[in-house]
Amino acid sequence: SVTEIRSGFAAIRGNIQSRDPIRTLSILSYPHSLHKVKSSDRCCITHHLFNFYVDKVFKHCKTEDSYVNRKISSIANSFLSVKRKLGQCHEQNKCMCGQESAEKFKQVLANYEGLNVTSAAMKSLGELDILLDWMEKSP
Amino acid sequence: SGELHCSLPNPRNVHFESLNMKNVLHWSAPEGIGDGVLYRVKYSVYGVGKWIRKPECRNINRTWCDLSSETSDYEEQYYASVKAFLNGMCSDWMETTRFNPLTDTKIDPPMVSVSSTEKSISIILTAPEKWKRSPEGESISLLQVYPGLQYNVSVLNKKTRKRWFFSISNNTLVVPWLEPGTAYCVSAQIYVTTPLLHSGFSKEYCIATLKDKTA
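Sequence lines, in order, name chains A and B.
Using this note's numbering, the letters of the first sequence map in sequence onto residues 1 to 139.
Using this note's numbering, the letters of the second sequence map in sequence onto residues 140 to 354.
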C-alpha cells in the first residue's frame, strides 16, 4: 500500500537522494510541478507514473548496500500491487486520459531520457516523496 | 565579488530545523576557528537551475538563518548552502540534504480547551497554524495541509489514576459517564498517517466535573 511505500522510502531517502548530485533538474516536477495537474487527470497520470516506475526505474536502481536494495525491492513490490489496482480502474474506464496528462507524462519521459539511465533511475527514485505528496494531497 | 582562496575549514552540520513550517537553516562554526567568522547563505528550489542569495543573511556572524519565506511553498523541495569567511579566506559552500517542508517539519501539539457537566467533559482541539509571513497574513491550519490529520487524546481520572485513550479525526470529543465532583486531566497529540508525522502530547488541562446536586 501507499503507506508501506512511504515508510520504505523514508528509510532510504537520505541515502538515495545523496546519490543524485543534479540539483537543477527534476524528473517529475520540471518544468511544471505535478501539483499543477487538473484533478480530472490525476488518476491517469498516477497510472502512467506507476507503470513508469515499475517498467523503467526500479530495475536500474541497484546499489552496493544490501539494506538499501532490500528496501528498494519492497517498494517495487508495493508499486506492483498498487499498479494492478490502478490497471483495473483503467480497464473499467474510470481513469480517463486527457490531453494534459499525455503532455505531462511525455515531459516526464523526456526528462528521464535526458540523463543516463542510472542517474535518471536514481533521481526518479529520490523523487518518490514528490509523487507520494502529490497523490496524498486532497484534490 | 571574485572568489577568494577557499582554504578555511567548512561550516558543519548544515541543516533545516522546521516547526509548523517555520523553516530555519542552522549550522555549526568551522572546527577550530575562533571569533570573527562571517557567513553567507544561498538556497535553491530543487529542479530549478539557480541558487538565490539571501541578502538578510549576508556577512552574518550568527549560525542560523530564517528561510521560512523562501521555502513557504510546501509543494516544492529545497537545498540551502552556507559559506564561511575570515581574514580574506573562505570555506567551500556546504549544503543541506534535500529539504521537503511537508515531511520534514515538526508539529506542535494541539491547543486543548475543556468544559464539564456533572457526568461528562467536553474537549475541543485546535491544530496549530502553518507559519505565516506576518500576523496579518492568511492563517492556514495544519489541518488544511495534512488532510489525514488526527488527534490522540488521553483522559486521566486523578482520583483512580485510570486513563483512557481516544483517537479522533474531528476536533471535538465528549467523554460521558464520568463521576461527579471528580478531577480529570486531558492531554492531546496530533497524529498524521501519511506522511507519517506526530506532535508531542500537550501539557495536561485539568477540570473537575460538577458535584451531584441530588447527593
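Quick reminder that beta carbons are idealized off the backbone N, C-alpha and C, glycines included.
query, result
"List the residues of chain B that A:Ser-25 touches, going by C-beta distances under 7 Å, in chain order.", "The residue asked about is misnamed: residue 25 of chain A is Leu in this sequence, not Ser. By Cβ distance, chain B contributes Gly-186."
"Please classify B:Gln-328: does DSSP put it in a helix, a strand, or coil?", "strand"
"In terms of residue numbering, what span does the alpha helix (DSSP H) encompassing A:Glu-100 cover?", "99-113"
"Is the beta carbon of B:Val-313 sitting closer than 8 Å to the one on B:Val-294?", "no"
"In chain B, what lies closer than 8 Å to A:Asp-133 by C-beta?", "Glu-214, Asn-239, Leu-241, Thr-242, Pro-334"
"Which term fits B:Val-176, buried or exposed, when burial requires 16 or more other beta carbons within 10 angstroms of its beta carbon?", "buried"
"Would you list the one or two residues that DSSP bridges to B:Cys-204?", "B:Leu-164"
"Have a look at B:Trp-262 and B:Glu-343 and give me their C-alpha separation to the nearest angstrom.", "Position check: residue 262 of chain B holds Ile in this sequence, whereas Trp was assumed. Taking the straight line joining both Cα atoms gives about 12 Å."
"When the cut-off is 8 Å and only beta carbons count, does B:Tyr-218 lie next to chain A?", "yes"
"Run down chain A in chain order and give the residues with a C-beta less than 9 Å from the C-beta of B:Thr-236.", "Arg-13, Gly-14, Gln-17, Ser-18"
"For the beta strand (DSSP E) holding B:Phe-305, just list the boundary residues, first then last.", "302-307"
"From the DSSP secondary-structure annotation, give me the bridge partner or partners of B:Lys-222.", "B:Arg-179"
"Going by C-alpha distance, which of B:Lys-350, B:Trp-270, B:Lys-258, B:Val-251 is nearest B:Pro-240?", "B:Trp-270"
"Using a beta-carbon distance below 8 Å, is B:Ser-183 in contact with chain A?", "yes"
"Can you tell me whether B:Lys-350 is buried or exposed, with buried defined as 16 or more other CB within 10 angstroms of its CB?", "exposed"
"B:Glu-257 to B:Asn-309, Cα distance in whole Å?", "24 Å"
"Closer than 7 Å between beta carbons: that is the criterion. Which residues of the region 27-45 of chain A meet it against chain B?", "Ser-29, Tyr-30, Ser-33, His-35"
"Please check the pair B:Thr-348 and B:Thr-321, which I expect to be a contact at CB under 8 Å, by giving their CB distance rounded to whole angstroms.", "5 Å"
"I want to verify the contact list: residues of chain B whose CB lies under 9 Å from the CB of A:Ala-10, in sequence order.", "Thr-242, Pro-334, Leu-335"
"Are the C-beta atoms of A:Val-2 and some chain B residue less than 8 Å apart?", "yes"
"How about A:Asn-116 and A:Tyr-30: do their beta carbons lie closer than 8 Å?", "no"
"Output the distance between the C-alpha atoms of B:Val-221 and B:Asn-162, rounded to the nearest integer angstrom.", "15 Å"
"From what residue to what residue does the alpha helix (DSSP H) around A:His-47 run?", "42-52"
"Taking contact to mean at least 3 C-beta pairs separated by less than 8 Å, is the region 5-23 of chain A in contact with the region 63-79 of chain A?", "yes"
"Just the chain B side, please: which residues come within less than 9 Å of A:Glu-103 by C-beta, in chain order?", "The premise fails here: A:Glu-103 is roughly 18 Å from chain B at the closest Cβ pair, so nothing lies under 9 Å."
"Just to confirm before moving on: does the CB-CB distance between B:Ile-279 and B:Leu-336 stay below 8 Å?", "no"
"Give the interface partners of A:Glu-100 over in chain B, defined as CB-CB distance under 7 Å, in chain order.", "Going along chain B, no residue has its Cβ under 7 Å from A:Glu-100, so there is no contact; the nearest lies around 18 Å."
"Would you decide whether B:Leu-281 is buried or exposed? Buried here means 16 or more other CB atoms lie within 10 Å of its CB.", "buried"
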